[in-house]
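These notes are about the structure you will find just below.
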Amino acid sequence: QIDGWFGDKPFEDGGRVTDGRLTLRTTWRRDEGVTAALRFGARFELPNLQDRAFFFFGRDLERELVTDRPQEVTRDQRLTDTRRGDQAFFAGLGVPFGDRITFRAGVRGGLKLFTHARYAQAWALSDQDRFSLRETLFWNSSDGFGSTTALSLERFVSPVLTARWVTSGTVAQESDGLEWWSTAGLYRGFGRDRVLAGELLVEGQTGRDVDVSDYGLRASWQQPVHEDWLIGEFSVGHFWPRENAASERVGTWAIGVALTMRF
């Protein structure tokens, strides 16, 4: 129906769904209890706007969506609380400008507007090493104007073993200081969609009485559950959060189980 606003070519004539995912995730963390979340998202290539725009929609953690936080440093990866109130439905249109720049504009829960302008570039430093940069300028009604910078360095140790470091930081008009996240890990492949991972994760914010609010270790195993479109993941982690200078840093265990349907 949306594609019909721009022309009369039917969606079946060249239209397709890409990056479609529906994920059900349950997390237990000793300091937070049990939480569950259902999130989904998809991108539609529209025949009447081929090579000019695409439509996207879904349901995700609201602030991670509007600030364009990389997947590697989201709350899911840190096995932390993903409460229902933090999630929102979203929808919008994206326009690519060449291979490196994408502009997105849309609405999220309560018809609140948000916009992104993302630049992404990757460089091969050698046959084994790759460096990536992603810079996103954004605006939304909660944070005002801001930017998120994400850096990634990968080393392909062998055909089945990869080492990766990802770090990201966000600044915004309505936020105090720089919010930052970082993860470093080893990823061992055992065939299609079978991955064993071990990661060190750290997060914090400048301008607070505690610069590092949480850090920890996470191990995970991912594999297909049914054919190649239903993927399961099991994670276990140990973290050391600290809310403020008056509180102590106490270790806590966490477990996460997720099922992802790809379409």
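Those letters in the sequence shown? Residues 4 to 266, per this note's numbering, in order.
Glycine included, C-beta positions come from ideal geometry on N, C-alpha and C.
Item to check | Counterpart residues of P99 in DSSP-defined beta bridges | outcome: Residue 99 sits at position 96 when you count from the first residue of the sequence shown. Partner(s): T105.
Item to check | Burial state of S161, where buried means 16 or more other Cβ atoms lie within 10 Å | outcome: Position 158 of the sequence shown, counted from the start, is the residue given in the question as residue 161. That one is exposed.
Next on the checklist: Can you look up D217 in the DSSP assignment and give me helix, strand or coil?
Outcome noted: The sequence position of residue 217 within the sequence shown is 214, counting from 1. Looking at D217 - three-state DSSP - the assignment turns out to be strand.
Item to check | Meets three-Cβ-pair contact criterion under 8 Å: the segment 77–97 and the segment 136–149 | outcome: No contact exists between the segment 77–97 and the segment 136–149.
Checklist entry - Name the DSSP beta bridge partners of V20, please? => result One-based indexing of the sequence shown puts residue 20 at position 17. Answer is F47.
Item to check | Test item: CB-CB of I234 and D196 under 7 Å | outcome: Along the sequence shown, one-based indexing puts residue 234 at 231. Along the sequence shown, one-based indexing puts residue 196 at 193. Against a cut-off of 7 Å, the Cβ pair of D196 and I234 comes out as a contact.
Checklist entry - Which residues bound the beta strand (DSSP E) around L204? => result To locate residue 204, count along the sequence shown from 1; it is residue 201. Counting along the chain, the beta strand (DSSP E) containing L204 begins and ends at V198 to Q208.
Checklist entry - Are the beta-carbon atoms of T26 and T263 separated by less than 7 Å? => result Taking the first residue of the sequence shown as position 1, residue 26 is located at position 23. Taking the first residue of the sequence shown as position 1, residue 263 is located at position 260. Cβ distance < 7 Å, so T26 and T263 count as in contact.
Checklist entry - G219 and L204: beta carbons closer than 7 Å? => result As a first step, residue 219 must be located in the sequence shown, where it is residue number 216. As a first step, residue 204 must be located in the sequence shown, where it is residue number 201. Cβ atoms of G219 and L204: closer than 7 Å.
Checklist entry - Which class does E75 belong to by DSSP, given the choice of helix, strand or coil? => result To locate residue 75, count along the sequence shown from 1; it is residue 72. Note: E75 maps to helix in three-state DSSP.
Checklist entry - Which residues share a DSSP beta bridge with Q131? => result The sequence position of residue 131 within the sequence shown is 128, counting from 1. Beta-bridge pairing links Q131 to no other residue.
Checklist entry - Short check: CB of D22 to CB of R55, under 7 Å? => result The residue given as residue 22 occupies position 19 in the sequence shown. The residue given as residue 55 occupies position 52 in the sequence shown. Contact flag unset, no.
Checklist entry - What does a CB cutoff of less than 6 Å around H119 pick up in its chain, not counting 5 residues either side in sequence? => result Taking the first residue of the sequence shown as position 1, residue 119 is located at position 116. Hits under 6 Å: D71, R107, T139 and F141.
Item to check | Host beta strand (DSSP E) of T263 (start-end) | outcome: For the purposes of this step, residue 263 is taken as residue 260 along the sequence shown, with counting starting at 1. Per DSSP, T263 belongs to the beta strand (DSSP E) from T255 to R265.
Item to check | Rounded separation between A248 and R33 - CA only | outcome: Against the sequence shown, residue 248 aligns to sequence position 245. Against the sequence shown, residue 33 aligns to sequence position 30. Distance between the alpha carbons of A248 and R33: 21 Å.
Checklist entry - Which same chain residues, not among the five before or five after A222, have their C-beta less than 6 Å away from its C-beta? => result The residue given as residue 222 occupies position 219 in the sequence shown. These residues qualify, in order along the chain: G201 and V239.
Item to check | Paired residues, beta bridge with S238 - DSSP | outcome: Working through the sequence shown from its first residue, we reach residue 238 at position 235. Answer is S223 and G259.
Next on the checklist: Tell me the rounded alpha-carbon separation between G101 and E35.
Outcome noted: Taking the first residue of the sequence shown as 1, we reach residue 101 at position 98. Taking the first residue of the sequence shown as 1, we reach residue 35 at position 32. Taking the straight line joining both Cα atoms gives about 44 Å.
Item to check | Residues sharing a beta bridge with R33, DSSP | outcome: Mapped onto the sequence shown, residue 33 falls at position 30. DSSP, once it has assigned bridges, lists no residue as partnering R33.
Checklist entry - With burial defined as no fewer than 16 other Cβ atoms inside 10 Å of the residue's Cβ, what is the status of L41: buried or exposed? => result Here residue 41 refers to the residue found at position 38 of the sequence shown. Residue environment for L41: exposed (fewer than 16 other C-beta atoms within 10 angstroms of its C-beta).
Checklist entry - Do L96 and F58 have their CB atoms nearer than 7 Å? => result The residue given as residue 96 occupies position 93 in the sequence shown. The residue given as residue 58 occupies position 55 in the sequence shown. Remark: C-beta atoms of L96 and F58 approach each other more closely than 7 Å.
Checklist entry - Shortest alpha-carbon distance to V169 belongs to which of L189, V110 and L114? => result One-based indexing of the sequence shown puts residue 169 at position 166. Among L189, V110 and L114, the Cα nearest to that of V169 is on L189.
Item to check | Distance, R245 Cα to S171 Cα | outcome: Taking the sequence shown and counting its residues from 1, the one referred to as residue 171 is at position 168. Taking the sequence shown and counting its residues from 1, the one referred to as residue 245 is at position 242. The alpha-carbon atoms of S171 and R245 are separated by roughly 20 Å.
Next on the checklist: Check for me: the beta strand (DSSP E) holding L164 runs from which residue to which?
Outcome noted: Locating residue 164 in the sequence shown gives position 161, where the first residue counts as 1. Unbroken beta strand (DSSP E) run through L164: L164 to A175.
Checklist entry - Looking at R28 and A261, is the spacing between their C-beta atoms short of 7 Å? => result Counted from its first residue, the sequence shown places residue 261 at position 258. Counted from its first residue, the sequence shown places residue 28 at position 25. Yes, Cβ-Cβ distance for A261 and R28 is below 7 Å.
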